[in-house]
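Accompanying notes for the structure given below.
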Amino acid sequence: MGTRMEVAQLEERMNIEDYRKLQGLFLDSSGSPRSMSRTEFVDLAWSSVGRGSEEEYGLLFDSVVFTQEHSGLLLDVDAIKEEERVDWGGLSSFLLQELSDKVKNSRTRSGPRWKPVCTLTCPHRDPVQKVLYLHSLGQYLTVSKGGSVCLRDREDMSLLLTHRLQNSTVKPKDLWVTDMVLLHNVHKIAVSFTSKEVCFYDILSHQDFRCKYKLQGLIFTPWCLDYWVDPSDPDQAVLTIGDIGGQVSALYFTSAQISLFERLNVRTDSDSADIIQWDELVRGKHRSCYTVTHRAHTPAWVRKVRYLGSLEAFVSCSTQPQSSVVIGWREKESRSLRVTSFFTKRGVWDIDHHRELNLIATAGVDHQVLLWNPCVTSGPVCVLSGHTGPVTAVRFMQAEQQLISYSKDKVLCLWDISRQLCVHRLAGVFPKTQEDTHTLLFLHEEQHLLFLSFNSLLLLLERKEAERSSSHEHPVTCVLYNSLFRQAVSSDSASSVICWRVDTGQKVKQFRRCHGDAEISTMALDGTQTRLFTAGADGEVKVWDFNGRCLHRMNAGLGRSVDISQVLLLRRSVLVMGWDRMFTVFRLHSFSQSYVEPSEWKGGVQHRSDVLCAAFQPPQRLVTGSYDGEIIEWNSSTENALKKLRPLTEHREDTHLGANGKEDADNSIAVTRLFFIPGRTPKGGADLVSCGGSGVVRLWNSAHSRLVGQFTAHNSDLGSIVMAVSPCGKYLVTADREGTLKTWDIQHYYLELHDGITDEPPKLLSSFRPHLDRVMHLETCLHGNRLLVLSASSDCSVALSYLRGDNVGLFGQEEQWCLERTGPLHPQQEAERKPREDETLPDPGPSAGGGEGGVKDEGEDCGSIAGDSRKHLSR
1 MGTRMEVAQL EERMNIEDYR KLQGLFLDSS GSPRSMSRTE FVDLAWSSVG RGSEEEYGLL
61 FDSVVFTQEH SGLLLDVDAI KEEERVDWGG LSSFLLQELS DKVKNSRTRS GPRWKPVCTL
121 TCPHRDPVQK VLYLHSLGQY LTVSKGGSVC LRDREDMSLL LTHRLQNSTV KPKDLWVTDM
181 VLLHNVHKIA VSFTSKEVCF YDILSHQDFR CKYKLQGLIF TPWCLDYWVD PSDPDQAVLT
241 IGDIGGQVSA LYFTSAQISL FERLNVRTDS DSADIIQWDE LVRGKHRSCY TVTHRAHTPA
301 WVRKVRYLGS LEAFVSCSTQ PQSSVVIGWR EKESRSLRVT SFFTKRGVWD IDHHRELNLI
361 ATAGVDHQVL LWNPCVTSGP VCVLSGHTGP VTAVRFMQAE QQLISYSKDK VLCLWDISRQ
421 LCVHRLAGVF PKTQEDTHTL LFLHEEQHLL FLSFNSLLLL LERKEAERSS SHEHPVTCVL
481 YNSLFRQAVS SDSASSVICW RVDTGQKVKQ FRRCHGDAEI STMALDGTQT RLFTAGADGE
541 VKVWDFNGRC LHRMNAGLGR SVDISQVLLL RRSVLVMGWD RMFTVFRLHS FSQSYVEPSE
601 WKGGVQHRSD VLCAAFQPPQ RLVTGSYDGE IIEWNSSTEN ALKKLRPLTE HREDTHLGAN
661 GKEDADNSIA VTRLFFIPGR TPKGGADLVS CGGSGVVRLW NSAHSRLVGQ FTAHNSDLGS
721 IVMAVSPCGK YLVTADREGT LKTWDIQHYY LELHDGITDE PPKLLSSFRP HLDRVMHLET
781 CLHGNRLLVL SASSDCSVAL SYLRGDNVGL FGQEEQWCLE RTGPLHPQQE AERKPREDET
841 LPDPGPSAGG GEGGVKDEGE DCGSIAGDSR KHLSR
């Protein structure tokens with residue numbers, strides 16, 4: 001019997017071309033859409049697409065049908081009673097919502113906590129029509145139906161200015177504002193009036209809000225506005241107008257920062273504003289502006305309108321069922337619109353769009369909130385039921401992937417989109433008003449503020465900042481993965497070690513004061529995964545079992561405090577480095593005593609600067625990297641230096657000293673991490689990767705002792721970075737001091753040698769920020785059948801993430817996760833899954849201290865303390 005996880009595996013293995021083939025199966029010979037039965041779908045998909053088994057395609061079909069039945073979204077229930085059928089719209093909606101990465105990896109989120117409702121002093125005597133945030137001024141702007149505008153301070157919400165907009169077209173008592181939008185790229189606001197005109201006011205001179213342009217001659221009264229600016233070209237902008245005649249009109253500005261309109265005939269009114277006639281725009285007399293329209297809502301009023309730049313489409317809504325939601329799609333190299341309509345029972349009051357999920361939310365007159373795939377008109381992706389009155393407003397919280405909705409019965413709901421559940425319901429705090437009260441909702445997500453207006457009354461809800469979970473009480477310095485116990489092990493600057501259950505994020509045990517008051521700078525695991533090495537700032541490296549007993553004390557600093565950057569385990573010795581031009585070696589035969597003294601390295605001093613890191617590849621390849629950018633390859637058996645690798649032709653003699661007189665760790669050529677790339681040999685291209693200062697990653701061919709490629713992974717201003725390589729050798733993960741992680745696809749990167757040094761970076765798979773401060777250490781691991789990333793940060797947290805950028809959570813957080821039920825597998829899987837032994841290629845060891853722990857191939861020792869030598873560490 002199949003499982004839902006198998007469906008996830010099939011979906012993960014399929015690529016864009018596979019989905020195109022799958023979509024093509026739902027078109028008949030004439031190109032018209034069609035549906036398929038289970039038998040048809042399984043046979044055609046398995047033979048045409050491949051990639052999976054017949055059982056998996058059958059399970060995918062069953063899951064789509066089950067989800068549609070469960071959500072009440074099947075279009076024609078009578079038609080499927082005899083034989084269930086699925087069309088492309090149903091399948092794509094299922095993949096988008098039910099099996100999308102965001103849904104699978106979402107965690108349980110608790111509802112927000114709000115501060116007490118605050119009523120703001122409001123000079124408006126009539127309903128508030130719009131609230132805007134002026135980012136350039138750091139102020140909030142409100143406008144009322146009667147045309148009065150107010151400026152408020154962002155910090156204390158105090159009134160800074162009250163002004164009445166001037167419009168000589170109508171008498172002051174007849175002035176009626178319908179909407180307002182901010183044109184932030186040209187420092188103006190556009191205000192629509194019932195006098196069938198749109199006026200453009202300059203906000204730089206906000207003492208008088210001087211009217212610059214008046215767009216007149218509109219066919220119908222404008223009721224709602226929207227404004228969009230191309231983020232890559234501020235001259236390109238779109239002003240969208242929805243009117244009471246059911247028409248959606250768009251003004252495309254092509255040189256907005258120079259001038260919105262051309263001055264064809266200098267015509268001004270008593271307000272000294274340039275008059276622009278709508279008919280002139282329609283006839284194309286303004287080269288800097290042209291129009292596009294559709295009337296799909298006629299005769300209903302357009303209640304809300306949005307332009308979606310990512311889709312090049314206009315989304316609008318009305319309270320007429322047949323045209324509840326209409327999308328006007330721009331055709332390529334054409335000014336015409338292709339229109340699609342969405343049907344609801346009683347129409348829609350409001351709409352919003354989630355950019356990342358590409359979902360449209362609708363506020364229904366029938367008390368329901370619906371989520372739609374813009375490309376599927378047959379039905380919504382899901383239904384959010386819970387309101388008992390007509391829903392009048394919806395707003396996505398883009399960063400949180402949550403949705404706020406408000407209904408006429410004065411209930412505010414917060415929805416978790418991934419779980420399709422209401423996680424918070426706020427009622428009983430809003431003022432009692434008449435049923436026809438005009439209510440406005442404005443969300444300022446960055447400031448955690450929510451404005452609600454009830455006619456002329458303006459209320460403010462401020463969200464309390466959630467206390468961020470922390471894994472440790474002090475900055476975290478290192479994290480390792482223990483494959484034997486399936487746990488994460490982390491250390492901090494207060495000399496504590498904590499073991500965590502990776503499947504749930506729970507703390508298993510904690511060892512305190514491992515080195516007294518001295519910071520633990522790095523750690524390592526032996527090959528059996530039963531011994532933990534901790535390096536303290538007191539100059540000692542201690543060996544522990546996982547019951548908290550200290551088995552050995554290694555005198556690395558010879559009685560003095562030193563900065564240990566890495567502990568590396570070889571077959572018959574342990575290397576400790578970080579504070580000298582020579583690393584310290586401990587022979588395994590010395591571990592017969594509890595207090596272990598160092599031995600002499602036969603190869604002597606070869607580096608000209610402090611050795612910061614090393615990597616080992618069985619049976620005897622050892623490389624070490626130093627502060628001055630030099631990498632030396634050794635034979636670990638004979639302990640002789642074999643060759644040197646340098647990023648520059650001339651060795652740098654100068655050293656950079658920090659304020660404390662020590663060498664600057666962010667030196668642009670310093671080597672702080674070294675890894676052999678699993679699965680590669682020196683005979684090919686790059687088999688060694690290093691990183692360090694200035695955010696640069698370098699790839700080397702060790703056989704030819706040459707640098708073959710380099711790229712800037714992070715901003716050079718951020719200084720030194722850290723990195724890790726996946727056990728399979730296909731992915732590289734880097735992190736910087738701002739808490740940002742990046743995943744790079746290196747499986748086809750520098751596989752062959754070329755002339756010169758290539759600066760082209762590999763494919764960036766993801767970039768995300770699970771931490772608020774510097775990432776001190778990274779570890780990749782194969783946990784079960786998932787590639788995961790562990791990251792330790794000086795923000796006191798240890799984060800668990802998927803390689804492709806989805807954050808599972810922080811160890812120690814209140815809400816536990818469950819990796820057994822959710823989560824993706826490898827970022828990219830082969831069409832045919834290889835045996836488990838092929839997937840778990842030997843890992844060169846945890847970065848900055850792991851040496852040769854981690855995932856091992858069967859029969860490989862991964863450079864750990866192996867064979868007979870293990871008995872010395874287990875005593």
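Using UniProt numbering, the first residue of the sequence shown is number 1, and each one after it goes up by one.
Beta carbons are placed, not taken as given, at the ideal position from N, Cα and C, and that holds for glycine.
Here the structure is a predicted model, which is why all the values come from computation and not from measurement.
By the Cβ criterion, the region 325-345 is not in contact with the region 226-245, since fewer than three pairs of Cβ atoms, one from each stretch, lie closer than 8 Å.
The continuous alpha helix (DSSP H) containing residue 42 extends over residues 38-48.
Look at residue 360 here: in three-state DSSP terms it is strand.
Short of 6 Å from the beta carbon of residue 499, and not among the five residues preceding or following it, lie these beta carbons of its own chain, in chain order: 487, 489, 508 and 509.
If the five residues before and after residue 312 are omitted, its C-beta is found closer than 6 Å to the C-beta atoms of 330, all from its own chain and listed in chain order.
The region 228-236 makes no contact with the region 276-284: fewer than 3 CB pairs, one atom from each, lie closer than 8 Å. Judged by DSSP secondary structure, residue 24 falls within the alpha helix (DSSP H) whose first and last residues are 16-24.
Around the Cβ of residue 762, a 10 Å sphere holds 16 or more other Cβ atoms; the residue is buried. The DSSP-derived three-state label of residue 172 is helix. In the three-state DSSP reduction, residue 301 falls in the coil class, being neither helix nor strand. Rounded to whole angstroms, residue 155 and residue 307 show a C-alpha spacing of 31 Å. Less than 7 Å separates the beta-carbon of residue 479 from that of residue 779. If you draw a straight line from the Cα of residue 339 to the Cα of residue 376, it is about 13 Å long. Counting C-beta pairs with one atom in each stretch, the region 346-366 and the region 382-401 have three or more that are closer than 8 Å, which means they touch.
Shortest Cα-Cα distance from residue 328 to any of 345, 292 and 320 involves 292. Under the 10 Å beta carbon count, residue 816 is surrounded by fewer than 16 other beta carbons and is classified as exposed. In this structure residue 615 touches residue 674 by the C-beta definition: roughly 4 Å separates them, less than 8 Å. One alpha carbon belongs to residue 460, the other to residue 310, and they sit about 31 Å apart.
The residues 474, 475, 477 and 519, in chain order, have a CB closer than 7 Å to that of residue 493 in the same chain once the five nearest residues on each side in sequence are set aside. Between residue 596 and residue 553, the beta carbon gap of about 7 Å places them in contact (Cβ cut-off 8 Å). The beta-bridge partner set that DSSP reports for residue 725 consists of 732. Between the region 439-454 and the region 766-777, the count of C-beta pairs closer than 8 Å stays below three; the two stretches do not touch.
Per DSSP, reduced to three states, the secondary structure at residue 716 is helical. For residue 388 against residue 367, the beta-carbon gap comes to about 6 Å, under 8 Å, which counts as contact.
The alpha carbon of residue 697 has as its nearest neighbour, out of 456, 215, 742 and 304, the alpha carbon of 742. Judged by their CB atoms, residue 256 and residue 235 are nearer to each other than the 7 Å cut-off. Straight across, the Cα-Cα distance linking residue 677 with residue 781 is about 14 Å. Residue 699 is positioned such that its CB atom lies no closer than 7 Å to that of residue 627.
The alpha-carbon of residue 485 is positioned some 15 Å away from that of residue 524. Nearest C-alpha to residue 202 among 131, 214, 189 and 468: 189. For residue 279, the uninterrupted alpha helix (DSSP H) segment begins and ends at 278-282. By the beta-carbon neighbour count (other beta carbons within 10 angstroms, threshold 16), residue 617 is buried. With respect to the 7 Å criterion, residue 178 and residue 223 are classified as neighbours on the basis of their beta carbons. Residue environment for residue 754: exposed (fewer than 16 other C-beta atoms within 10 angstroms of its C-beta).
In the DSSP assignment, residue 424 falls within the beta strand (DSSP E) that extends over 421-427.
With a cut-off of 8 Å on Cβ pairs, the region 576-587 is not in contact with the region 628-635, counting fewer than three such pairs.
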